[in-house]
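To keep things clear, I will list the structure first and then write my remarks on it.
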Amino acid sequence: MSVAAVNQTSIKGGEFLIKETLASQIFIPEEFNEEQRMIADTCRDFLSKEVWPHLDEIDHAKSPALISGLMDKAGELGLLGTAVPEEFGGFGMNFNTSMLVAEATGAGNSFSVALSAHTGIGTLPILYYGNEGQKSKYLPKLASGEWKAAYCLTEPDSGSDANSGKTKAKLSADGKHYVVNGQKMWITNGGFADIFIVFAKIEENGETDKNLTAFIIEKSFGGITMNEPEHKMGIKGSDTRQLFFNDCLVPVENMLSERGNGFKIAVNILNVGRIKLSAAALGGSKRVASQAIQYANERKQFGTAIANFGAIKHKLAEMAVGMFATESAAYRVGQNIDDLIQAFKEKGMNDEEAKLKALEEFAIECAIMKVHGSEVLDFVVDEGVQVYGGMGFSADAPMDRAYRDSRINRIFEGTNEINRLLVVDMLLKRAMKGQLNLMGPAAAVGKEILSIPDFSSNEDETLFAAEKKVIGNLKKAALMIAGAAVQKFMMKLSEEQEIIMNLADMVIEIFVAESVLLRVEKRIGLLGDAPNALHKDIAAIYLNRAVEKANIAGRSAITSFAESDELRVMLMGLKRFTKIEPANLKDARRRIADELIAKNDYVF
43 MSVAAVNQTS
53 IKGGEFLIKE
63 TLASQIFIPE
73 EFNEEQRMIA
83 DTCRDFLSKE
93 VWPHLDEIDH
103 AKSPALISGL
113 MDKAGELGLL
123 GTAVPEEFGG
133 FGMNFNTSML
143 VAEATGAGNS
153 FSVALSAHTG
163 IGTLPILYYG
173 NEGQKSKYLP
183 KLASGEWKAA
193 YCLTEPDSGS
203 DANSGKTKAK
213 LSADGKHYVV
223 NGQKMWITNG
233 GFADIFIVFA
243 KIEENGETDK
253 NLTAFIIEKS
263 FGGITMNEPE
273 HKMGIKGSDT
283 RQLFFNDCLV
293 PVENMLSERG
303 NGFKIAVNIL
313 NVGRIKLSAA
323 ALGGSKRVAS
333 QAIQYANERK
343 QFGTAIANFG
353 AIKHKLAEMA
363 VGMFATESAA
373 YRVGQNIDDL
383 IQAFKEKGMN
393 DEEAKLKALE
403 EFAIECAIMK
413 VHGSEVLDFV
423 VDEGVQVYGG
433 MGFSADAPMD
443 RAYRDSRINR
453 IFEGTNEINR
463 LLVVDMLLKR
473 AMKGQLNLMG
483 PAAAVGKEIL
493 SIPDFSSNED
503 ETLFAAEKKV
513 IGNLKKAALM
523 IAGAAVQKFM
533 MKLSEEQEII
543 MNLADMVIEI
553 FVAESVLLRV
563 EKRIGLLGDA
573 PNALHKDIAA
583 IYLNRAVEKA
593 NIAGRSAITS
603 FAESDELRVM
613 LMGLKRFTKI
623 EPANLKDARR
633 RIADELIAKN
643 DYVF
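Residue numbers for the sequence shown follow the working numbering, so the first one is 43 and each next one is one higher.
Dropping the structure here:
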């Protein structure tokens with residue numbers, strides 16, 4: 043069942059690039075209800091009482107017992123079962139609520155990694171792909187925390203190329219078990235997990251399947267050994283190990299889904315992981331920013347708090363703008379997924395299939411948000427260190443842990459390079475299949491840049507009309523370059539990774555900038571103009587930033603393949619499509635920073 047078959051007017055994944063989205067069509071965080079906010083507060087209270095006072099102890103624990111014990115406590119509060127249906131012992135929350143939980147628990151450093159691995163890639167494969175018997179057996183114990191889960195995909199020679207794994211599964215002589223042999227590495231929760239989602243290739247009659255198959259393996263099956271925990275740059279309290287499967291006997295009924303479906307499972311579960319990671323990174327960013335704001339108010343230099351200096355205000359404001367942008371776009375995607383799930387279910391699709399189809403539809407946006415959220419977090423922690431100055435480099439100050447722990451997020455759930463490549467690859471594949479009409483608009487843009495610009499003064503005075511025109515022009519710039527690159531390289535475009543990543547940067551900025559603008563527009567509709575003056579500042583700063591980044595990325599792409607007249611015409615088009623009215627962004631940043639400083643916290 044296609045998206046079009048569900049609703050002719052529904053928003054499709056990737057369609058933002060060729061179709062204007064209305065503010066009324068998106069969800070904004072201000073719309074979370076009281077119950078959802080209480081759930082988030084419960085998560086934050088848990089971190090405050092159970093995790094933050096013990097961060098040093100967690101990082102230096104000699105065994106996984108401490109993290110495992112915290113998982114037990116989280117299970118007692120129901121934090122492990124937010125996405126699990128009520129019939130299997132969970133709360134059955136919708137997708138955007140589970141995103142809010144991911145954000146609220148995302149500031150827990152190593153504990154957050156353990157929690158997300160369990161509730162996401164450890165539990166969801168069974169929820170989405172398990173049969174009724176498997177779901178009934180495993181989900182209640184995973185939701186309560188009685189059993190902990192781990193996900194075993196990566197191998198020493200198969201990281202980004204996951205389907206090249208060498209772990210094998212061979213049917214036993216009596217046909218009752220698969221005998222699994224192989225090695226997995228970087229397995230989060232490996233030291234204390236009771237359940238492992240393991241990917242292997244079935245070997246039969248001397249032939250090995252081309253695609254992976256997934257299995258649910260219990261530690262109690264035996265044949266599992268492991269190394270000591272890895273010594274890592276960050277997330278030191280997360281139990282990460284190499285696991286070895288040595289003639290591990292897995293009952294045939296523990297195959298997850300169908301033979302050869304493992305790679306599809308891995309890809310679809312990663313879609314969930316990517317969008318949830320952006321929410322978790324947002325939660326981590328907010329905590330770091332709040333600490334930086336508070337330190338800036340406390341630290342005195344030259345007779346005054348450093349928060350009073352313009353250079354520090356610049357940093358605090360830029361942190362806020364990045365986080366507001368991630369938040370705006372992440373929950374926009376979360377609601378798109380929720381809306382499509384509901385539409386699919388109304389047409390008769392079961393809950394699990396509806397969720398998978400919806401996540402697959404918005405895989406482009408999930409990849410976009412994984413990149414954006416992780417890079418905003420890295421920016422925030424880096425600037426956090428700088429605000430702390432010399433103390434930022436001290437292991438006794440909070441920035442040390444934050445800086446080290448943030449770095450993994452650009453590698454988790456597929457590196458940001460892989461995700462950038464995926465964004466463009468998925469857009470072009472959907473265009474080739476006729477699912478997205480990218481080539482028509484790209485051709486139209488090609489004609490437009492050869493025409494005389496329209497200098498008429500029919501000014502649209504509706505809210506954000508000028509800003510929306512800027513967004514529309516950025517879309518034209520991306521389509522122009524994508525269309526020209528496809529014509530130039532055809533099927534060999536995949537070999538031009540630098541150009542693809544330039545395009546991805548443009549697409550990411552377009553989606554996020556549009557999300558920020560639509561959020562502020564909707565906020566004004568809900569709250570009026572006056573309470574949103576600073577939010578309009580945020581939108582102006584982010585839009586200017588997006589235009590600048592798109593111009594740089596676009597120029598880099600164009601000069602990588604265009605020559606002579608084509609080069610001049612495309613650069614002329616890029617210049618036309620990356621124009622924005624100048625604004626005093628310094629004062630806008632100061633207004634934002636002054637609000638943060640006055641509230642002594644991140645408040646947007």
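Just so it is clear, CB atoms sit at the ideal spot from N, CA and C, and this is done for glycine as well.
Contact check for N151 against A192 fails: the beta carbons are separated by 7 angstroms or more. With contacts defined by Cβ atoms closer than 7 angstroms, S154 and G162 do not form a contacting pair.
The residue among G207, S200, F130 and M227 with its C-alpha nearest the C-alpha of G187 is F130. For I258, the three-state secondary structure derived from DSSP is strand.
By the criterion of a C-beta distance shorter than 7 angstroms, F263 is surrounded in its chain by C290, L291 and V292, once the five residues flanking it on both sides are discounted. Taken through DSSP and simplified to helix, strand or coil, Q384 comes out as helix.
Cβ-Cβ separation between I450 and I277: approximately 6 angstroms, consistent with a contact (criterion under 8 angstroms).
The beta-carbon distance between I307 and G376, rounded to whole angstroms, is 22 angstroms. This is too long to meet the 8 angstroms contact definition.
Contact between I513 and D579 does not hold, since their C-beta atoms are separated by about 17 angstroms, which reaches or exceeds 8 angstroms. In the DSSP annotation of this structure, the continuous segment of the alpha helix (DSSP H) that includes D579 starts and ends at A575 to F603. Annotated as proximal: M365 and S327, with beta-carbon spacing under 7 angstroms. R632 and A359 have their C-alpha atoms roughly 7 angstroms apart. A contact between stretches requires three or more CB pairs, one per stretch, nearer than 8 angstroms, and the segment 339-350 fails this requirement with the segment 608-628.
Residue pairing for H219: DSSP places it in a beta bridge opposite P293. Judged by pairs of C-beta atoms under 8 angstroms, the segment 128-146 touches the segment 172-189, as three or more such pairs exist. In the DSSP annotation of this structure, I60 is not part of any alpha helix (DSSP H), being labelled neither H nor E. Counting the other CB atoms within 10 Å of its CB gives G345 a total below 16, which places it among the exposed residues.
Non-local beta-carbon contacts of M141 in its own chain, meaning distances under 8 angstroms to residues more than five positions away in sequence, involve I317, K318, A321, A372, Y373 and G376 in chain order. The segment 422-464 contains, as complete alpha helix (DSSP H) runs of 4+ residues, the segments 440-448 (chain order).
For the pair A185 and A146, the CB atoms are not nearer than the 7 angstroms cut-off. Unbroken beta strand (DSSP E) stretches of 3 residues or longer found wholly inside the segment 156-229: 191-194 and 210-213, given in chain order.
For E403, the CB contacts under 7 angstroms within the same chain, skipping 5 residues up- and downstream, are V45, K54, G55 and L382 in chain order. For L122, the closest of T196, V143, L613 and T209 by C-alpha to C-alpha distance is V143.
For A103, there is no enclosing alpha helix (DSSP H), since its DSSP letter is neither H nor E. Just measuring C-alpha positions, the residue of I237, A211, M614 and G217 sitting nearest L254 is A211.
Between E563 and A588, the C-beta spacing is not below 7 angstroms. Rounded to whole angstroms, the Cβ separation of A486 and M612 is 15 angstroms, and the two are not in contact under 8 angstroms. E197 and W228 have their C-alpha atoms some 8 angstroms from each other. Residue E92 holds the alpha-carbon nearest to the alpha-carbon of A116 among D216, E92 and I600. For F531, the uninterrupted alpha helix (DSSP H) segment begins and ends at A507 to F531. With contacts defined by Cβ atoms closer than 7 angstroms, A331 and M297 do not form a contacting pair.
Under DSSP, no beta-bridge partner is assigned to A331. Going by DSSP, I244 is part of the beta strand (DSSP E) stretching over I237 to E246.
7 angstroms or more divides the Cβ of T139 from the Cβ of Q67.
For I266, the uninterrupted beta strand (DSSP E) run begins and ends at I266 to M268, by DSSP. The beta-carbon distance between N461 and A409, rounded to whole angstroms, is 4 angstroms. This is short enough to meet the 8 angstroms contact definition.
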